Amino acid sequence: MASAGFKKWIIVITTVSAAILELIDTSIVNVGITQMAGNLGVTIEDISWVVTAYAIANVIIIPMTGFLQNYFGRKTYYIGSIILFTIASYFCGIADNLWTLVAFRFLQGIGGGALLSTSQGIMYDAFPPSQRAIASALFGMGIVMGPTLGPTLGGYIIDNYHWSWMFFINVPIGILAVFLCSTFIDKQPSEYSIDRSTIKIDQIGILLLAVGVGSLQYVLERGEADDWFDDRAILYLTIVAIISIPLFLWWELKTKSPVMDLRVVKNRNLAVGSVLVFIIGYGLFTSILLFPLFAQRIVGYTATKTGNILIPGGAVALIMFPVVGRSMAAGVSPRIFAILGYLAFILFCYMMSNLNADASERDFTWALLVRGAGLAMINAPLINQSISTLKPSELPTGIAFTNMVRQLGGAFGVAITNTYIAQRSAVHRNDLVSNLQPGDALTTDRLNAMAQSLASRGMNAFDSVTAAYRNMDALISKQALMVSYLDTFRLAGLFFVVTLPLLFLMQNKKMDPAAAKAAADAAH
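Take any residue in the sequence shown, count from 1 to its spot, add 962: that is its number in the numbering used here.
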């Protein structure tokens, strides 16, 4: 029989690995979109459904995790989620058409949605109260690796193997995790005698939540690609979201057994904190979307190099996370760290907004180091403050709400980023073209130089002139795109500047150990 110490560390490895899998899969496919589209014979807009399906599934299942744990038992629900995630990963890897891949990606998101909060709850139970600060630090350090490893690992796979290995790598890890969970994780006493006949299922609430939030996530994810309200699906689902979400709010406040008790949002700290968490989700998703686009499409980096540049920033977050945790435990106000984290994100956006096509690897690294420091200082402290004034019985709902809001903030970030880039790129292109006047000496000289260069390689005179104009057009488009990326970083920074004062509206209360544990759970 395994010793208590050995068992404890097996649980640590298992739960952290499962949680990292979920985080890696939120970003790993981003760097493989182009290869996947080409292999499956679809457009970039169509293949983005692979990202959209996972995000929709996540945002639907996250707020229901607490209810599902109570209904099925935590261990059963956890193992079932890992099995679903693993099987869906395998079928994603062997998918030979887009919609099969999208369907299993959705199921993967349903399974993955349980892995974060449930993982940390299981790991905390493996440690005595006196060692739970160590558990929080270990889990935090591991989870910070997920967003860093995703693009890095995805880039390496795309540059060296087939895209399907982005999904196949989950299979052996998932199988091992199921075996270890079954062997070493104990059920809680309450899990042995669950009387499901006494648990009322809020079917109407679950339906309204799934339809309303799922529709909203779809609209945010697909709006720009599908021309927003010119597309009937976007228009109809916007109407569905506008109707379903208020109905969900009304029903949850009215029913006696809500799937998500939204009365807690009346708490000032949670209400204000949710706005700030929404902005954090926006900033996190926007930055992880914009940087690879800038590095690959403007500077010309490979997927592997783009991923490698993210590593130092992730390492800084990895080192700082336990420092922040110990400092808060020692009495340092979470608000101080939240303010510093906010300022770090503002500085990161400013640094990125001043780069250009000649940016060096060092320029990106410094900006991403600042971002990594901001990540370490803002997540746990902000959620700590958001739920610090809730009653113990209100913590699960408060945590679920902040997690859902953060996910929606990310979806909003992707939507506004894609739309803003498209609009600003068109504006900048028109501005650049308007400066190219017929007969302008500089323009003529540039075109002549391009044509002569092409002619020297064997192209005839007519074709070389035509190609020179095409090359000039491509340069203009690239320049317009680059400036639109810089504008988008400025816009992200502006969101942080405008919402920074809200931090001072939150009550600065020290949390009891139970609430602090729950805040740490939610921060990842």
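In this text, a Cβ means the ideal position worked out from N, Cα and C, and glycines have one as well.
Treat the numbers as computed from the prediction; the structure is a model and nothing was measured.
{"Asked": "Local Cβ density within 10 Å of Ala1481, reported as buried at 16 or more and exposed below that", "Found": "Residue placement at Ala1481 is poorly supported in this model, since its pLDDT is 49, which falls under 50; the coordinates still yield a value, given next. Buried, since its Cβ has 16 or more Cβ neighbours within 10 Å."}
{"Asked": "Euclidean distance between Cα positions of Met1282 and Ala1292", "Found": "15 Å"}
{"Asked": "Residue span of the alpha helix (DSSP H) that contains Glu1214, given as start and end", "Found": "1194–1216"}
{"Asked": "Beta-carbon proximity list for Arg1368, same chain, < 6 Å, skipping 5 on both sides", "Found": "Val1239, Gly1243"}
{"Asked": "8 Å Cβ cutoff met for Gly1185 and Ser1206", "Found": "no"}
{"Asked": "Residue from Leu1437, Gly1055, Lys1353 with nearest C-alpha to Lys1228", "Found": "Lys1353"}
{"Asked": "Three CB pairs or more closer than 8 Å across the stretch 1446–1456 and the stretch 1373–1392", "Found": "yes"}
{"Asked": "Proximity to Met1137 [Cα-Cα], best of Leu1317, Trp1127, Tyr1052", "Found": "Going by the sequence as given, residue 1137 is Ile instead of Met. The candidate whose alpha carbon is nearest that of Ile1137 is Tyr1052."}
{"Asked": "C-alpha gap between Ser1159 and Ala1088, whole angstroms", "Found": "30 Å"}
{"Asked": "Contact under 8 Å by Cβ, Gln1070 with Ala1050", "Found": "yes"}
{"Asked": "Neighbour-count burial assignment, Asp1164, 16 or more Cβ in a 10 Å radius", "Found": "buried"}
{"Asked": "Three-state secondary structure assigned by DSSP to Gln1469", "Found": "coil"}
{"Asked": "Candidates Ile1345, Ser1446, Gly1375, Thr1364: closest to Asp1393 by CA position", "Found": "Ser1446"}
{"Asked": "Per-residue DSSP class, three states only, for Val1294", "Found": "coil"}
{"Asked": "Thr1027 versus Phe1326, Val1064, Leu1170, Met1222, residue with shortest Cα-Cα distance", "Found": "Met1222"}
{"Asked": "Helix, strand or coil at Thr976 [DSSP, three-state]", "Found": "helix"}
{"Asked": "Identity of the residue in Lys1440, Leu983, Asn1001 nearest Ala1257 by Cα", "Found": "Lys1440"}
{"Asked": "Ala1321 - DSSP class collapsed to helix/strand/coil", "Found": "coil"}
{"Asked": "Through-space distance from Ile975 to Tyr1040, alpha-carbon basis", "Found": "15 Å"}
{"Asked": "Reference Met1468, options Leu1232, Phe968, Ala980, Trp1190, closest by Cα", "Found": "Leu1232"}
{"Asked": "6 Å Cβ shell around Ser1126 - same chain, five flanking residues per side excluded", "Found": "Gly1055"}
{"Asked": "Limits of the alpha helix (DSSP H) - the one that Ala1088 falls within", "Found": "Here Ala1088 belongs to no alpha helix (DSSP H), and DSSP marks it neither H nor E."}
{"Asked": "CB-CB length for Gly1375 against Phe1458, believed under 8 Å", "Found": "Not really, about 12 Å apart at Cβ, beyond 8 Å."}
{"Asked": "Pro1296 to Val1285 span [Cα, whole Å]", "Found": "13 Å"}
{"Asked": "Contact under 8 Å by Cβ, Ala1265 with Ala1306", "Found": "no"}
{"Asked": "Whole-Å CB distance - Ile1024 paired with Gly1176, under 8 Å assumed", "Found": "At roughly 12 Å, the Cβ-Cβ gap does not stay under 8 Å, so Ile1024 and Gly1176 are not in contact."}
{"Asked": "His1390 - DSSP class collapsed to helix/strand/coil", "Found": "helix"}
{"Asked": "Under 8 Å between C-beta atoms of Ser1010 and Ile986", "Found": "no"}
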